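Per full-length UniProt numbering, the sequence shown runs over residues 1 to 332.
What follows is a single structure, written as structure tokens, with notes after it.
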Amino acid sequence: MSDLLVTGGAGFIGANFVRHVLRATSYSVTVLDKLTYAANPASLSDLPASRFQLVHGDITDADLVDGLVREHDGIVHYAAESHNDNSLDDPRPFLDSNVIGTYTLLEAARRHGKRFHHISTDEVYGDLALDDPNRFTEGTPYNPSSPYSSTKAASDLLVRAWCRSFGVEATISNCSNNYGPYQHVEKFIPRQITNVLTGQRPKLYGSGVNVRDWIHADDHSSAVLAILERGRIGETYLIGADGEMSNRDVLEMILQQLGQPLDAYDHVADRAGHDLRYAIDSAKLRSELGWRPRFTNFSEGLASTIDWYTRNRAWWEPQKSVAEARYTAQGQ
């Protein structure tokens, strides 16, 4: 494999993956991205033209997708509408991108016999009780809670069906919550960091007891590359770094690292259907493929993320006022 097509590669997790691949391999990468509000071409602007190109287009455009898939050895499918709040406000774009877009890519992969890896989320499994000793595994039944997670669950099932029914050489990975550079300021961690940096008070949904299993985006990238190169066709792998923390604890760690009082934030109305806890068991990935996370200390990974946002205001400041206006309109 030498040429990869990465959908959604101008978004947060996709851009980190593209940068990781160009550092860690000799592959060339083409990014196909619709360049919606959540994408930022500046995340890729310094990459070498000899090994990288960006194509502006929609994954539901069957003719465009077919031509690109035909020209590449493998497809890594990151492109998705992914923000829960937006899915509650208008579910339709999530159906178009996450379901129809995935179908369009799978059909092209089937026609041209290409390797396909599908990026998904732990949110397809629903949530866990705070005192539940279990974690999500590859065998956990799907129980999505939102239009976002339900459309991602649908896309996972499409990949499984195309693999079984049509022989598409596909794998799936479901990952826990990512953090790191290049993440849109509407997301929890960058929103709080950039609120402090712009003199605004951070916001916490409800009481903040909701637990997420955090993983640095670079660790997610290395896991996806391992699955792409060594994963068993037809298999699902869960990606996690044992990073469970409550939203309140994460926010207070951000405040502490930025020299602010630990109570310098506001509580806002909780999200409808807000999942309580996510937790990933990545034993299969670690035992089969020998993968290990590099960012095992969340505090250190968070400090490097805060440093990136502090040093890269020009990247995120154009997004900030628009994102906060949307949150204000939603009472959040």
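Backbone N, C-alpha and C fix where the C-beta goes; we use that ideal spot for every residue, glycine too.
Remember, predicted model here, so these are calculated numbers, not experimental data.
Query raised in the report: Considering only residues of the same chain and omitting the five flanking positions on each side of A109, which have a CB-CB separation below 7 Å?
Result: Residue mapping note: residue 109 aligns to position 109 of the sequence shown, counting from 1. The answer, listed in chain order, is V69, I75, F116 and V168.
**Report entry** Other residues of its chain near I227: CB distance less than 6 Å, five sequence neighbours each side excluded
**Finding:** Position 227 of the sequence shown holds residue 227. So the qualifying residues of the chain are T171, S173 and Y237.
Query raised in the report: Taking the C-alpha atoms as reference points, what is the distance between V99 and N86?
Result: The residue you call residue 99 lines up with position 99 of the sequence shown. The residue you call residue 86 lines up with position 86 of the sequence shown. Straight-line Cα distance between these residues: approximately 16 Å.
Requested in this report: Spell out the partners DSSP gives I280 in its beta bridges.
Outcome: Reading the sequence shown from its first residue, position 280 is the one you call residue 280. Per DSSP, F136.
Requested in this report: Following the continuous alpha helix (DSSP H) through E324, name the residue where it begins and the one where it ends.
Outcome: The sequence position of residue 324 within the sequence shown is 324, counting from 1. Where E324 is concerned, the enclosing alpha helix (DSSP H) stretches over R313 to A329.
**Report entry** As assigned by DSSP and simplified to three states, the class of A170
**Finding:** For the purposes of this step, residue 170 is identified with residue 170 of the sequence shown, where counting begins at 1. It is a strand residue.
Report task. Report buried or exposed for Q256, applying the criterion of at least 16 other Cβ atoms within 10 angstroms of its Cβ. Result -> Position 256 of the sequence shown, counted from the first residue, corresponds to residue 256. Its Cβ having fewer than 16 others within 10 Å, Q256 is exposed.
Query raised in the report: Grouping DSSP H, G and I as helix and E and B as strand, with all else coil, what is F295?
Result: For this step, residue 295 is matched to residue 295 along the sequence shown. Correct three-state label for F295: coil.
Query raised in the report: Should the region 280-297 be called in touch with the region 132-150, which here means at least 3 C-beta pairs below 8 Å?
Result: yes
Query raised in the report: From D3, V250 and E300, pick the residue whose C-alpha is nearest to that of Y205; which is it?
Result: Mapped onto the sequence shown, residue 205 falls at position 205. Taking only the C-alpha atoms, the option nearest Y205 is V250.
Query raised in the report: Assuming E186 and S149 make a contact with CB atoms under 8 Å, what is their CB distance in whole Å?
Result: By one-based count along the sequence shown, residue 186 stands at place 186. By one-based count along the sequence shown, residue 149 stands at place 149. About 17 Å separates the two Cβ atoms, so there is no contact after all.
Query raised in the report: Can you give the beta carbon distance from F12 to A303, rounded, assuming they're within the 8 Å contact cut?
Result: On the sequence shown, residue 12 is found 12 positions in, with the first residue counted as 1. On the sequence shown, residue 303 is found 303 positions in, with the first residue counted as 1. Going by Cβ atoms, the distance from F12 to A303 rounds to 19 Å, so no, they are not a contact pair.
Query raised in the report: In whole angstroms, what is the alpha-carbon distance linking M245 and N210?
Result: As a first step, residue 245 must be located in the sequence shown, where it is residue number 245. As a first step, residue 210 must be located in the sequence shown, where it is residue number 210. When rounded, the distance between both Cα atoms is 8 Å.
Requested in this report: Can you say whether R92 is buried or exposed, counting buried as having 16 or more other CB atoms within 10 angstroms of its CB?
Outcome: Taking the first residue of the sequence shown as 1, we reach residue 92 at position 92. Classification of R92: exposed, given that the 10 Å Cβ count is below 16.
Query raised in the report: Per DSSP, what kind of secondary structure is K203 in: helix, strand or coil?
Result: In the sequence shown, counting from the first residue as 1, residue 203 sits at position 203. Correct three-state label for K203: strand.
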